[in-house]
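The listed protein sequences correspond, in order, to chains A and B.
Under full-length UniProt numbering, the first residue of the first sequence is numbered 1, with each subsequent residue one higher.
Under full-length UniProt numbering, the first residue of the second sequence is numbered 1, with each subsequent residue one higher.
Beta carbons: idealized from backbone N, C-alpha and C, even for Gly.
Protein chains: 2
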Amino acid sequence: MTGSPHVRRPATLASLAAELGVSRTTVSNAYNRPDQLSAPLREKVLEAARRLGYPGPDPVARSLRTRRAGAVGLLLTEALSYAFRDPVATGFLEGLALACEQAGQGLLLVPVSPEHADVAAVHQAGVDGFVVYSVSEDDPHFRAVLERPVPTVVCDQPVGVEGVDRVGVADREGMRALGAHLTALGHRKIGVLCMRLGPQRHDGPADPARQERTSYPVQRERIGGLRDALTDAGVDWAGVPVVERFEHSPEAGASAARELLASHPDVTALACTSDVLAIGALQHAAEAGIAVPERLTVTGFDGVPEAERVGLTTVRQPVRRKGQVAGELLLQRGDRNKPKQVVLPTELVVGSTSGPATQTEKFFSGW
Amino acid sequence: MTGSPHVRRPATLASLAAELGVSRTTVSNAYNRPDQLSAPLREKVLEAARRLGYPGPDPVARSLRTRRAGAVGLLLTEALSYAFRDPVATGFLEGLALACEQAGQGLLLVPVSPEHADVAAVHQAGVDGFVVYSVSEDDPHFRAVLERPVPTVVCDQPVGVEGVDRVGVADREGMRALGAHLTALGHRKIGVLCMRLGPQRHDGPADPARQERTSYPVQRERIGGLRDALTDAGVDWAGVPVVERFEHSPEAGASAARELLASHPDVTALACTSDVLAIGALQHAAEAGIAVPERLTVTGFDGVPEAERVGLTTVRQPVRRKGQVAGELLLQRGDRNKPKQVVLPTELVVGSTSGPATQTEKFFSGW
DNA sequence: CTGAAAGCGCTAACAA
DNA sequence: TTGTTAGCGCTTTCAG
Numbered sequence: 001m002t003g004s005p006h007v008r009r010p011a012t013l014a015s016l017a018a019e020l021g022v023s024r025t026t027v028s029n030a031y032n033r034p035d036q037l038s039a040p041l042r043e044k045v046l047e048a049a050r051r052l053g054y055p056g057p058d059p060v061a062r063s064l065r066t067r068r069a070g071a072v073g074l075l076l077t078e079a080l081s082y083a084f085r086d087p088v089a090t091g092f093l094e095g096l097a098l099a100c101e102q103a104g105q106g107l108l109l110v111p112v113s114p115e116h117a118d119v120a121a122v123h124q125a126g127v128d129g130f131v132v133y134s135v136s137e138d139d140p141h142f143r144a145v146l147e148r149p150v151p152t153v154v155c156d157q158p159v160g161v162e163g164v165d166r167v168g169v170a171d172r173e174g175m176r177a178l179g180a181h182l183t184a185l186g187h188r189k190i191g192v193l194c195m196r197l198g199p200q201r202h203d204g205p206a207d208p209a210r211q212e213r214t215s216y217p218v219q220r221e222r223i224g225g226l227r228d229a230l231t232d233a234g235v236d237w238a239g240v241p242v243v244e245r246f247e248h249s250p251e252a253g254a255s256a257a258r259e260l261l262a263s264h265p266d267v268t269a270l271a272c273t274s275d276v277l278a279i280g281a282l283q284h285a286a287e288a289g290i291a292v293p294e295r296l297t298v299t300g301f302d303g304v305p306e307a308e309r310v311g312l313t314t315v316r317q318p319v320r321r322k323g324q325v326a327g328e329l330l331l332q333r334g335d336r337n338k339p340k341q342v343v344l345p346t347e348l349v350v351g352s353t354s355g356p357a358t359q360t361e362k363f364f365s366g367w
Numbered sequence: 001m002t003g004s005p006h007v008r009r010p011a012t013l014a015s016l017a018a019e020l021g022v023s024r025t026t027v028s029n030a031y032n033r034p035d036q037l038s039a040p041l042r043e044k045v046l047e048a049a050r051r052l053g054y055p056g057p058d059p060v061a062r063s064l065r066t067r068r069a070g071a072v073g074l075l076l077t078e079a080l081s082y083a084f085r086d087p088v089a090t091g092f093l094e095g096l097a098l099a100c101e102q103a104g105q106g107l108l109l110v111p112v113s114p115e116h117a118d119v120a121a122v123h124q125a126g127v128d129g130f131v132v133y134s135v136s137e138d139d140p141h142f143r144a145v146l147e148r149p150v151p152t153v154v155c156d157q158p159v160g161v162e163g164v165d166r167v168g169v170a171d172r173e174g175m176r177a178l179g180a181h182l183t184a185l186g187h188r189k190i191g192v193l194c195m196r197l198g199p200q201r202h203d204g205p206a207d208p209a210r211q212e213r214t215s216y217p218v219q220r221e222r223i224g225g226l227r228d229a230l231t232d233a234g235v236d237w238a239g240v241p242v243v244e245r246f247e248h249s250p251e252a253g254a255s256a257a258r259e260l261l262a263s264h265p266d267v268t269a270l271a272c273t274s275d276v277l278a279i280g281a282l283q284h285a286a287e288a289g290i291a292v293p294e295r296l297t298v299t300g301f302d303g304v305p306e307a308e309r310v311g312l313t314t315v316r317q318p319v320r321r322k323g324q325v326a327g328e329l330l331l332q333r334g335d336r337n338k339p340k341q342v343v344l345p346t347e348l349v350v351g352s353t354s355g356p357a358t359q360t361e362k363f364f365s366g367w
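Following this line, the structure appears as structure tokens:
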């Protein structure tokens, strides 16, 4: 009577109760409050459930009633799928997942394809809170998150959003230490490879104005830290070439390195704002027969596992811990109402890809 | 009257409707069926919503009503966090996420810490279906999934579960091709490094009985494929040393390589059942001063990006595609009722870590 | 220890 | 184009 024949309507708590001649409360208690009813009765209920194929209380209905979804939503910059290709993002996810796991909460990846400028997914997410991972300051999905009446914590970007928690790392200090390392090695001709600075695709040189105006504070800080260090050593920042890439991949790093070295064959060090770019730069160097670190120093930022494996000089940030803190900030907020800011430390890691600046005259950079 | 003062009770659809003097349907339509009401009225509703801070229809309530959660659940073997450290898992996730994204569905990672033998999380997940990634045949969480009245698709393992879709790859064929490659290069003394074969921690040699009895069909198939190839070449499998590791990490691979080479210094090739293990083996070789491939051939399985970068000889499986297929199987199942099995092809990739078997006499393997 | 009553917030027919 | 009527399946005081 209720539907087409092929739709098997599973039993509900009510139908089970009716079947057994007990009240719905009793059935509910059998699942949620075992101590509120006698063991035999409970077993009877569970047995009947098994027999009738009742899969236990419907999670959605329960969520509606209890007003808790048992999951936290995760909003990522890029297409959802990108996150899994980026080792920094996966490290973060690992930490966040860990925190969720410990709290018994699910982690819902909110599907936001960049083209799909469709904010609906954010509204549709049944979650008790959001973690926002490194999005641009004017991301529409992010704004949609803010409209939801649930707590939110931001990782990295954007900074300074009113009323939301944030966890980040000491980007500027880390890069500054790296810069000092480079200048101490005698490098004066330094080139920079950086990640995207704006929402629009742009691949190529980025002048200081563009560096400042970026909507990605993390990049601004990292570049700024390097600038601080170089300035301390008397290097004029205006003369430092910076090449930007929209994509974040080893391939992008390789092509950026090629571009920068072609236009500035005299640079002795390539400072990249991420390990992924640096790995690409190393790859280019290897292919072009440029000896690292003898003829070219290459550095990264992040401290991803592969970087460590290849001995990259970099700045390590506690990615996993960052994710964990983000989760804890969200899940262990008592009834705190003032937003909390956490900044984790970074650490210079000197590997085998940085060495003294080349003493010899300019090489022909190529083969 | 309804609660403590610090709990701001957000507006609901009903209260908004009351406020405007329209029916709840109208408000609902303003959000879900814009064409069902006049533009001015709709604007009026939306404006009032903004004014009253109504965040739009509650997703959980909607889900209850529409009987669709808008998300698929993902069940992983290991601790949730492990998945993000394993490049094969992340590749799979990437593909799955892609499929979800395209369908506008969320992806809910179900928190199952292995110690927390607590199946509750599976019951608590508000999802329209489950994807199960490579779990053991007798995993309790998996059984809990099967009890839920939603469609399920399994990736890789377990095999042969009644009524559920499955996507896998040609593990055996791939490994067989790799084995043929090795024997063609003249290798006869071959050692194997494999992943866990049982639920209990076991690190060390795995004899043929243990290989057969494993509850992880994927390992069985890969080892079996190699066995086929070696047998074809007249190598007696009983004499092939297999070292197992419970953890799946480069470190585990390195230690396994060390162990195997110590007990069998005469092997000329190390076939690993995963790239991650192989990368560890390479690392050990580098540290021990063993030239690859001159003195030792090392091979993997999977074709992860890093393997490609280091030139590992391996068997490539379409991990991302596998995830995508899993998603499509779940999301695009019309009203199909017979389960579907998809097996994707694998491909031998010859890199620079495999070479002819050493012609010289036995080396002292180590230093 | 068990039951009755009262919704959680929403959508989907169907009428008006 | 708008409103009315019924629940979706469950939990939770509060009495018995």
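- Just so you know, the alpha carbons of residue 98 of chain B and residue 42 of chain A end up roughly 43 Å apart.
- In its chain, beyond the 5 residues on either side, 140, 141 and 144 have a beta carbon closer than 7 Å to the beta carbon of residue 119 of chain A.
- In the assembly as shown, residue 322 of chain B is a buried residue. Its beta-carbon has 16 or more other beta-carbons within 10 Å.
- In this structure, residue 225 of chain B lies away from residue 253 of chain B, with their beta-carbon atoms at least 8 Å apart.
- Rounded to the nearest whole angstrom, the C-alpha separation of residue 181 of chain B and residue 193 of chain A is 41 Å.
- Among the residues of the segment 93 to 123 of chain A, those with a Cβ less than 7 Å away from any Cβ of chain B are 93, 94, 97, 98, 100, 101, 104, 105, 106, 107, 108, 109, 110, 111, 113, 121 and 123, in the order of the chain.
- In this structure the segment 338 to 348 of chain A touches the segment 163 to 174 of chain A; the number of beta carbon pairs closer than 8 Å is three or more.
- Interface residue (Cβ-Cβ distance to chain A less than 8 Å): residue 85 of chain B is classified as such.
- Excluding five sequence positions before and after residue 191 of chain B, the CB atoms of its chain that fall closer than 8 Å to its own CB belong to 240, 241, 242, 243, 260, 261, 264, 267, 269, 270 and 271, given in chain order.
- For residue 174 of chain A, the enclosing alpha helix (DSSP H) stretches over residues 171 to 184.
- Residue 59 of chain A belongs to the set of residues whose beta carbon lies under 8 Å from a beta carbon in chain B.
- Contact note: residue 56 of chain B reaches chain A through 123, using a C-beta cutoff of 7 Å and chain order.
- In the structure shown, residue 314 of chain B falls within a strand segment according to DSSP collapsed to helix, strand and coil.
- Looking from the CA of residue 231 of chain B, the closest CA among B:333, B:133 and B:176 belongs to B:176.
- In this structure residue 229 of chain B touches residue 179 of chain B by the C-beta definition: roughly 3 Å separates them, less than 8 Å.
- The beta carbon of residue 53 of chain A sits closer than 8 Å to the beta carbons of 10 and 11 from its chain, once the five residues preceding and following it are set aside; these are given in chain order.
- At a cut-off of 8 Å between beta carbons, residue 293 of chain B makes no contact with chain A.
- Between residue 316 of chain B and residue 276 of chain B, the CB-CB gap reaches or exceeds 8 Å.
- By the neighbour-count definition (other C-beta atoms within 10 Å, threshold 16), residue 91 of chain B is a buried residue.
- Per DSSP, the continuous beta strand (DSSP E) segment holding residue 190 of chain B begins and ends at 190 to 194.
- For residue 126 of chain B against residue 69 of chain B, the beta-carbon gap comes to about 4 Å, under 8 Å, which counts as contact.
- The CB of residue 90 of chain A comes closer than 7 Å to the CB of 84 and 90 in chain B, given here in chain order.
- For residue 205 of chain A, DSSP records a beta bridge to A:243.
- For residue 333 of chain B, the closest C-alpha among the options B:150, B:233, B:32 and B:17 is that of B:150.
- Taking all protein chains shown into account, residue 165 of chain A has 16 or more neighbouring C-beta atoms within 10 Å of its C-beta and is therefore buried.
- With the criterion set as a beta carbon lying under 7 Å from some beta carbon of chain A, the members of the segment 129 to 152 of chain B are 147, 148 and 149, in sequence order.
- For residue 24 of chain A, DSSP records no beta bridge to any residue.
- For residue 231 of chain B, there is no enclosing beta strand (DSSP E); the residue is found in the alpha helix (DSSP H) stretching over 217 to 232.
- The C-beta separation of residue 154 of chain A from residue 161 of chain A comes to about 6 Å, placing the pair in contact by the 8 Å criterion.
- Around the beta carbon of residue 358 of chain B, 16 or more other beta carbons sit within 10 angstroms, so the residue counts as buried.
- Under the 8 Å criterion on CB atoms, residue 306 of chain A is classed as interfacial with respect to chain B.
- Between residue 197 of chain A and residue 133 of chain A, the CB-CB gap reaches or exceeds 8 Å.
- At least 8 Å separates the CB of residue 15 of chain A from every CB of chain B.
- Between residue 63 of chain A and chain B, the shortest Cβ-Cβ separation is below 8 Å.
- Ranked by Cα distance from residue 320 of chain A, the options A:186, A:89 and A:107 are led by A:89.
- By the Cβ-count criterion, residue 36 of chain B is exposed, with fewer than 16 other Cβ atoms from all chains shown falling within 10 Å of its own Cβ.
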